[in-house]
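Notes follow once the structure below has been shown.
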Amino acid sequence: MTIKSLKNIDPFSQSPIVTLLPVLSQVDKLKDLKSFFYARYEKVAALREGVVGDMNKSDDALQAEYAMLLEILDWLKITPAKE
Amino acid sequence: MAGRERKLSEVLKRGYSDVELSHIYELGRFHLENGELKKSEIIMNGIIAVAPEFVPAWQALTYIELSNRNLEQALNFAKQAYGLDPNQSLSGLMLVTTLLSLGDVATAGAYLGEVGEVIESTKGGDTNLLRFYKAQLARFRNFS
């Protein structure tokens, strides 16, 4: 009975903005792009190593992309060869 | 159309197609739905680093900062989202939400008027968007 009533909770009432954020795809589709993300990670990791010691504005973007790729690989359960 | 083509080529230059960005964004949204704000923030920050014109990521970041009560930062993100596409009612409403939370009722009212015209003139629009608009309208009236 309790489970049934929980299922009836209106998602909008719980978190209106999250409900309104656009749905553009399905998260599971990331799984089809494992090799792309790993290859991209390796490229960004190499670029990142190359720019350490010469930090500028564009490196913030590189760092943000690197962190994003680590999150994606973590979700895909892929452990990068190097950190 | 030319603008759209330019945007797409800009995205491709940065190494990600529109489809890939949409999949990545969905992971960020998935984390939001599960209350994992930090993980979502990392994903959304990564998206705007490679594709600064990707409006849904700015909207998600606005929500994250609102949730963290970082209202000034939420306002910056909401302005980015609205500036990129003022026709998206959600961006306008998020801007209103943030301004009301900051106590800037006059500016919030101006944006609320603009967004309200668009929402109320759209027949068969998103019911939840209309509900959210009415909620902000009620907040605005309470402040006024």
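Residue numbers (this note's numbering), protein chains in the order written: chain A, 15 to 97; chain B, 12 to 155.
Where is the CB? At the ideal position from N, CA and C, for every residue including glycine.
Quiz item: Terminal residues of the continuous alpha helix (DSSP H) containing B:G127?
Solution: First-last of the alpha helix (DSSP H) with B:G127: 116 to 132.
Quiz prompt | First through last residue of the alpha helix (DSSP H) which encompasses A:D46 | solution = Neither: A:D46 is in no alpha helix (DSSP H) and is coded neither H nor E.
Quiz item: Secondary structure at A:F51, three-state DSSP: helix, strand or coil?
Solution: Note: A:F51 maps to helix in three-state DSSP.
Quiz item: What is the rounded straight-line gap between the Cα of B:G120 and the Cα of B:W69?
Solution: If I take the Cα positions, the gap works out to 22 Å.
Self-check item: chain B contact for A:A59 (CB, 9 Å cutoff)
Solution: Contact of A:A59 with chain B is not assigned, every C-beta pair being separated by 9 Å or more.
Quiz item: In chain order, what residues of the same chain have a beta carbon less than 6 Å from the beta carbon of B:L106, not counting five sequence neighbours either side?
Solution: Excluding sequence neighbours, B:L106 sits near A89, Y93, Y122.
Quiz item: Do we get a CB-CB distance below 9 Å when we pair B:V140 with the residues of chain A?
Solution: First, the residue type needs correcting, since residue 140 of chain B is Leu and not Val in the sequence shown. Contact of B:L140 with chain A is assigned, a C-beta pair being separated by under 9 Å.
Exercise. Would you grab the beta carbon distance between B:F154 and B:L111 for me? Rounded to a whole angstrom, and I think it's under 8 Å.
Key: The Cβ separation is near 6 Å, so the contact holds.
Practice problem: Return the CA-CA distance between A:K71 and B:A60, expressed in angstroms with no decimal places. | Solution: The predicted model places A:K71 with a pLDDT of 48, which falls under 50 and marks its position as unreliable, so this point remains unresolved.
Exercise. Look up A:I92 in the DSSP assignment and say whether it is helix, strand or coil.
Key: Coil at A:I92, not helix or strand.
Quiz item: What is the DSSP secondary structure of A:V58, reduced to helix, strand or coil?
Solution: A:V58: helix per DSSP, three-state reduction.
Quiz item: On the three-state DSSP scale, how would you describe B:R152?
Solution: In the three-state reduction of the DSSP assignment, B:R152 falls in the helix class, which pools H, G and I.
Quiz item: So A:V37 is in the alpha helix (DSSP H); what residue range does that whole segment cover?
Solution: Where A:V37 is concerned, there is no enclosing alpha helix (DSSP H), given that its DSSP letter is neither H nor E.
Quiz item: Name the chain A residues that come within less than 9 Å of B:K50, Cβ to Cβ?
Solution: What B:K50 touches in chain A: E85, D88, W89.
Exercise. For A:A53, count neighbouring Cβ atoms within 10 angstroms of its own Cβ and tell me buried if that reaches 16, exposed if not.
Key: The residue is exposed, with fewer than 16 neighbouring Cβ atoms inside 10 Å.
Practice problem: Specify the secondary structure class of B:Y27 as computed by DSSP and reduced to three states. | Solution: Coil at B:Y27, not helix or strand.
Quiz item: Any residues in the segment 32 to 46 of chain A with a beta carbon nearer than 8 Å to a beta carbon of chain B? Which ones, in chain order?
Solution: Correct list: V32, T33, L34, L35, P36, V37, L38, S39, Q40, V41, K43, L44.
Quiz item: Hey, B:T108 and B:Q147: beta-carbon distance below 9 Å or not?
Solution: In this structure, B:T108 lies near B:Q147, with their beta-carbon atoms less than 9 Å apart.
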